[in-house]
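Report on the structure given below.
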Amino acid sequence: MTITNNEMAREDSSASAPESGGRPPGRRSWTAVGVSTTLLACFTVALFLPLPSITIGVLAICTMLTLMFLRVPVAVAMIVPSLIAMYNLRGPRAATGALGSLPFDAIASWTLSVVPMFVLMGMLLSQSGVASSVYSAARQWLGWLPGGLAVGTTGAGAGLAAVSGSSVATTYTLTKIGVPEMLRAGYDKRLALGAVMVAGLPGQLIPPSILLIIYAGVAEVPVGKQLLAGLGPGLVVAVLFALIIIAVVAVTPRLAGSREVQSPEVTWKSRFASLIPTWPIPALIAIIVVGMFTGVVTATEAGAFAALFAIVVLVVNTRHTNTTWRQLSAACTGTVSTVGAIFLLLIGVEMLSRMMALTGISTKFSDVITSWDLSRVEFLLLMTVVYLVLGAFMESLPMILLTVPILIPTLTALDISLLWFGAFVVLMGEIAMLTPPVGILSMIVYAIVRDPSVNMGQKITIRDVFVSVGWFLPGAAVVVGVLIAFPEISTWLPDRGSG
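Heads up: the sequence shown begins at 209 in this note's numbering, then just goes up one per residue.
Set out below in structure tokens:
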């Protein structure tokens, strides 16, 4: 299935529409906008006053958060207050110098050169129609388990999210394909919704993960080792969610319906046949992981190979449809748009980091945390709460870019592995996007399932969506706790690899 930005924008915007018959929003929304605009004006004026550097830094961050609340693009929200703060502290030459040098410094990195290639790979595989094939194969192989369709959905989601690099795109695809299939088979609507929402979560940890690559660039750690650091936690999350579904259905069989619709009958021949169109995804993951672990290829070389490989897959899969060039063009256009947005965010992060260095906020934050005498576990539990709050209002990538530059001095002071923290922050970002009351993925799924062709005539409320998430959040909390208690789950592989 090909997913366009316009389609997802329509679904996302409809998520905020009021229920029919409900009181239309108006006064409360305009009050919030008015208060935010007033605060923004006050913060902006204060940024030009002769105040202490720390105060200027705090005001810049408050201005940035207010702009984000007003739906200003995250990159712009980071760049504008940072430039004003630099202008106040060092004069116009510092601000113009930052505009001239920091954009180049932010993205002219060998580490980040792999980002366009992995994004192109994901776009090409999406255009090639692999998504539907992966879901079909997962259903064929895992359908015999209790809750087999739901288990197959989580397995398909892990593979799709790993190569697409987007939880939103993966959730969109699986909701469109998986929810109608499960409802037709008699599944409880909450089990069906929960399965599609958590399906993409482990994929953001399994190589090649765009989030981990970008984190590696921001934290200045080796890309290959960072990708390997996400593999262990990703597999643990995928297996745990599958076990949760199996256990729930084993205890309450009615959740998976009285019988599952299997047509045609599943045979070993059909199972092996279903693997043929899906082979590019496991092949790519295996080649990338093994190649980087053994040191045969660098992350950049792996990305170049993956992009070339995906082009071949697209050509082969579309050779009889006469749409190869159109789909290749769409993939390239999508890649340019996505990479441009990512790099603009990175420029914003570089501006924010320079501003925080000038104001001393990062050092002050580290000193404050150190003065609290928090242990490693206490600090990470605190960050768990912070990320859950942030993730309710923004996607994983902006959340990572916003917080990691501030936290690096503190992580170093507490002797927390930056490789391990990369896996932790990506996991927390994905969990937070599910968490009520404003979880982004929850809103997207709710928007999609309001379509009668998806909900199969069943009434699905926002409460159903949040209840379905609640079935899986305890399992996610267990994974976070295990990852904190046993960091070797993440660090063992990169410590022994040559990537």
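In this text, a Cβ means the ideal position worked out from N, Cα and C, and glycines have one as well.
The DSSP assignment places no complete beta strand (DSSP E) segment of no fewer than 3 residues inside the stretch 303 to 351. Glu638 sits close to Ser604, with the two beta carbons spaced by under 8 Å. When Tyr295, Leu248, Leu297 and Ser321 are compared, the shortest CA-CA separation from Leu554 is found for Ser321. When C-alpha distances from Ile287 are compared across Pro485, Leu610 and Thr571, the shortest belongs to Leu610. The straight-line gap separating the alpha-carbon atoms of Ser561 and Ala268 is approximately 12 Å. When only Cα atoms are considered, Gly425 and Val497 end up about 19 Å apart. About 13 Å separates the beta carbons of Ala364 and Ala377, which is beyond the 8 Å limit, so they are not a contact pair. In this structure, Ala369 sits away from Gly402, with a CB-CB distance that is not shorter than 8 Å. Around the beta-carbon of Ile385, 16 or more other beta-carbon atoms lie within 10 Å, marking it buried. Between Leu635 and Leu413 the beta-carbon gap is near 6 Å, inside 8 Å, which marks them as a contact. By the Cβ-count criterion, Val585 is exposed, with fewer than 16 other Cβ atoms from all chains shown falling within 10 Å of its own Cβ. Within the same chain, Asn525 come within 7 Å of Gly337 by CB-CB distance, once the 5 residues on both sides are set aside.
Val597 sits in a helix when the DSSP states are folded into three classes.
Rounded to whole angstroms, Ile292 and Ser574 show a C-alpha spacing of 24 Å. Pro260 counts as exposed, since fewer than 16 other beta carbons sit within 10 angstroms of its beta carbon. With fewer than 16 other beta carbons inside 10 angstroms of its own, Pro461 counts as exposed. Taking C-beta atoms under 8 Å as the contact rule, Leu255 and Ile262 fail to qualify, at a distance of about 13 Å. With fewer than three CB-CB distances shorter than 8 Å, the stretch 658 to 675 does not count as touching the stretch 544 to 558. Counting along the chain, the unbroken alpha helix (DSSP H) around Thr274 starts and ends at Ser261 to Phe277.
Residues of the same chain with a CB within less than 7 Å of the CB of Pro644, apart from the 5 flanking positions on each side, are Ser650, Phe674 and Val677 in chain order. Ranked by how close their Cα comes to the Cα of Val243, the residues Leu275, Ser579 and Ala302 have Leu275 in first place. One thing to note: Ala303 has its Cβ within 8 Å of the Cβ of Tyr295.
Here Met602 carries a coil assignment [DSSP, helix/strand/coil]. Here Arg398 carries a helix assignment [DSSP, helix/strand/coil]. Burial check for Arg398: the Cβ neighbour count within 10 Å reaches 16 or more, so the residue is buried.
Rounded to the nearest whole angstrom, the C-alpha separation of Ala515 and Ala494 is 15 Å.
Sequence-distant Cβ neighbours of Ser344 in its own chain, meaning closer than 6 Å and more than five residues away, are Ser482. The closest CA to that of Met500, considering only Pro300, Ala283, Arg704 and Val253, is found on Arg704. Here DSSP, grouped into helix, strand and coil, assigns Arg462 to helix.
A buried status is given to Lys433, since no fewer than 16 other beta-carbon atoms sit within 10 Å of its beta-carbon. Around the beta carbon of Pro258, fewer than 16 other beta carbons lie within 10 angstroms, which makes this residue exposed. In the three-state DSSP reduction, Trp628 falls in the helix class (H, G or I). In the three-state scheme derived from DSSP, where H, G and I count as helix and E and B as strand, Gly647 is classed as coil. The residues Ser244, in chain order, have a CB closer than 6 Å to that of Leu278 in the same chain once the five nearest residues on each side in sequence are set aside. Approximately 4 Å separates the beta-carbon atoms of Pro485 and Ser341; this is inside 8 Å, confirming the contact. The residue among Phe629, Val520, Thr578 and Leu622 with its C-alpha nearest the C-alpha of Thr592 is Phe629.
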